[in-house]
Amino acid sequence: MMSGQNIICFANDWDADPTSKHQVMRVLARENRVLWVESIGLRRPGASAGDASRILKKIRKFIRGPVCVAPNLHVVTPLVIPYHDVKIAAKFNAWFLVSYLKSHARRLGMSQFQLWAFMNNVAPYIRQLQPQKVIYYCVDDWSAFSYLDSQLMAKMEKEVIELSDVVITSADKLYESKRHLHPKTFLIPHGVDGEHFSKARLATTLIPKEVDGIPSPIIGFWGLIHDWIDIDLMYEVALRRPEWSFVFIGQARVDCSALQSLKNVYLLGGRSYDTLPAFAKCFTVGVMPFKMNRLTESVNPIKLREYLAAGLPVVSTPIPEARAYAHVVRFGTSAEEFVKALDDAVQDTGGQAVHARQEAVSKETWLARVDQISEIVAQV
-4 MMSGQNIICF ANDWDADPTS KHQVMRVLAR ENRVLWVESI GLRRPGASAG DASRILKKIR
56 KFIRGPVCVA PNLHVVTPLV IPYHDVKIAA KFNAWFLVSY LKSHARRLGM SQFQLWAFMN
116 NVAPYIRQLQ PQKVIYYCVD DWSAFSYLDS QLMAKMEKEV IELSDVVITS ADKLYESKRH
176 LHPKTFLIPH GVDGEHFSKA RLATTLIPKE VDGIPSPIIG FWGLIHDWID IDLMYEVALR
236 RPEWSFVFIG QARVDCSALQ SLKNVYLLGG RSYDTLPAFA KCFTVGVMPF KMNRLTESVN
296 PIKLREYLAA GLPVVSTPIP EARAYAHVVR FGTSAEEFVK ALDDAVQDTG GQAVHARQEA
356 VSKETWLARV DQISEIVAQV
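Quick note on numbering: the working numbering labels position 149 of the sequence shown as 144, and the sequence is numbered without any gaps.
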């Protein structure tokens, strides 16, 4: 793994649900100094209470300044005008953000640094920041999100790829779509913290009180519930198996009233990453009910490896990245197919099957992934 380097990382908010960004930078911070730059926005804010609350939160964080969240890892929240397609706003953002980051980087002894971009909106700042190297780490097809301007997303991504020294992609579909844009494009799939999720099998791991008493079998899901999750599919599945319990962990950003109307469905809201193995302990099966569309063709869900590391049977819609694990994952597209796969999965809880699932991801650690990436970056 690389060591002794300074890294400025453009990502999402540090206190959001842990993603590949968090995992990779935590590993790199063991041997390098990292300055994590919280989200500078991908869309214009609306006149909603949620957006207003988010703006106020950003202002408070900006006033607070850099925060050390782990050894060698600081988080900073800059203020920008979230109108990336307006020239005056873009010019102000470039001047202010570059000055702000360079100032804090110098205070942390990071006058020279690599720039790692997990977002595609950093192109206007790269030249003025003058990094030693630029690594674009692409984990999503940004132009496929329903709530983002697809043309603007594609334009910004093209610019950041042109300014990058290396492009890392997390899914085969992303790799195929980017490799013709940059000669140094690589495919590095996501990893998993197997040690963390194997706690689901320990006698000392206590079942959370929220699920204590919920009837088994429990069909479980964790993650953000957004428009890429097939709510209609899960409604039909839960309707067909009223004797089963369906537990959803994660913030809901879409209408879930249909699910909430069913007595055997439990929407528990967001829970911390630390508690997920405890929830996995009481799950009978982990599910990935993704819609089949352009966005999910490029997604490489970390929860797949987390479920498997916890030893859980997994049932998923047949998204491309899950099909690579067909020897330990079952699939269904329609409600009938999904229920059939679940019927088989709830019977597949023996020790040998658990071992096979954990073994399938045992070598896919975040440390191994970062070692691969470090070797690529070092060769530039």
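Glycine is no exception: its CB is placed at the ideal position from the N, C-alpha and C atoms.
Between the CA atoms of residue j and residue i - distance to the nearest angstrom
i	j	result
glutamine 353	arginine 300	9 Å
valine 129	tyrosine 268	30 Å
proline 61	alanine 24	16 Å
proline 210	glutamine 342	16 Å
tryptophan 31	proline 237	45 Å
leucine 110	alanine 100	12 Å
tryptophan 9	valine 70	7 Å
glutamine 255	tyrosine 131	40 Å
proline 203	glutamine 246	18 Å
histidine 185	phenylalanine 87	36 Å
proline 126	glutamine 107	7 Å
glycine 377	valine 242	This structure leaves residue 377 out entirely; the chain is present only between -4 and 375.
lysine 335	aspartate 167	28 Å
arginine 21	leucine 362	10 Å
tyrosine 95	glycine 346	54 Å
tyrosine 261	tyrosine 230	12 Å
phenylalanine 216	arginine 59	35 Å
methionine -3	phenylalanine 274	35 Å
alanine 330	valine 309	16 Å
serine 357	valine 19	17 Å
methionine 283	leucine 68	32 Å
serine 369	valine 232	43 Å
isoleucine 244	aspartate 12	12 Å
asparagine 295	histidine 191	20 Å
Local Cβ density within 10 Å of residue i, reported as buried at 16 or more and exposed below that
i	result
aspartate 207	exposed
lysine 276	buried
arginine 102	exposed
valine 375	exposed
serine 145	exposed
asparagine 288	exposed
alanine 378	Residue 378 falls outside the range modelled here, since the chain spans only -4 to 375, and no answer is possible.
threonine 360	buried
lysine 16	buried
leucine 51	exposed
threonine 199	exposed
lysine 173	buried
glutamate 157	exposed
proline 66	exposed
leucine 176	exposed
leucine 197	exposed
glycine -1	exposed
serine 141	exposed
leucine 307	buried
serine 34	buried
glutamate 316	buried
Per DSSP, the bridge partner or partners of residue i
i	result
alanine 355	For alanine 355, which the question treats as bridged, DSSP gives no partner whatsoever.
alanine 65	Leu68
tyrosine 261	Val242
valine 32	Phe5 and Val71
alanine 247	Ile220
threonine 360	Val187
Residue i and residue j closer than 8 Å at C-beta
i	j	result
phenylalanine 333	leucine 228	yes
alanine 112	valine 187	no
lysine 179	valine 162	yes
lysine 286	tryptophan 223	yes
isoleucine 226	alanine 253	yes
threonine 328	threonine 312	yes
isoleucine 220	arginine 364	no
leucine 92	tyrosine 120	yes
serine 165	valine 117	no
arginine 325	alanine 348	no
isoleucine 213	serine 193	no
alanine 85	glutamine 123	no
serine 293	leucine 169	yes
aspartate 136	leucine 337	no
alanine 355	tyrosine 320	yes
leucine 271	leucine 257	no
methionine 148	serine 159	no
asparagine 27	isoleucine 2	yes
methionine 114	phenylalanine 5	yes
lysine 298	glycine 218	yes
At 4 residues or longer, what runs of the alpha helix (DSSP H) sit wholly inside the region 272 to 337? 289 to 292, 297 to 304 and 315 to 318
Please specify which runs of the beta strand (DSSP E), each continuous and at least 3 residues long, are wholly inside the region 156 to 237, giving them in chain order. 161 to 164, 180 to 182 and 213 to 217
Entirely enclosed alpha helix (DSSP H) segments - the region 103 to 135, minimum 4 residues: 118 to 124
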